[in-house]
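J.:
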Amino acid sequence: MQSKVFKSNQSQAVAFPVGVKEVEIVVVGNSRIVTPINQSWDSWFDSPSVSDDF
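Here our numbering is used: the first residue of the sequence shown is 1, the next is one more, and so on.
1. So, with DSSP's three-state summary, where would you put residue 36?
2. I'd like to check one pair, residue 12 with residue 5: are the Cβ atoms closer than 8 angstroms?
3. How many Å lie between residue 27 and residue 33 at the Cα?
4. With C-beta atoms as the reference, is residue 18 less than 8 angstroms away from residue 36?
5. Where residue 16 and residue 25 are concerned, what is the direct C-alpha to C-alpha distance, given to the nearest angstrom?
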């Protein structure tokens, strides 16, 4: 998914799908990874769809 950064009053903002109410922002070098709360990579790696050798 891609989104554009836009101005909202004096700040920058990003639009998210309707169901996303809170996000977590993870800093990795110069990048910012934005994910819905409690849906970070850690929870993905803990899911049953990930094999033990991944």
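Idealized CB from N, CA, C, for every residue including glycine.
In this text, all values refer to a predicted model and were calculated from it rather than measured experimentally.
T.: Concretely, from the data shown:
1. strand
2. yes
3. 6 angstroms
4. no
5. Taking the Cα positions, residue 16 is about 14 angstroms away from residue 25.
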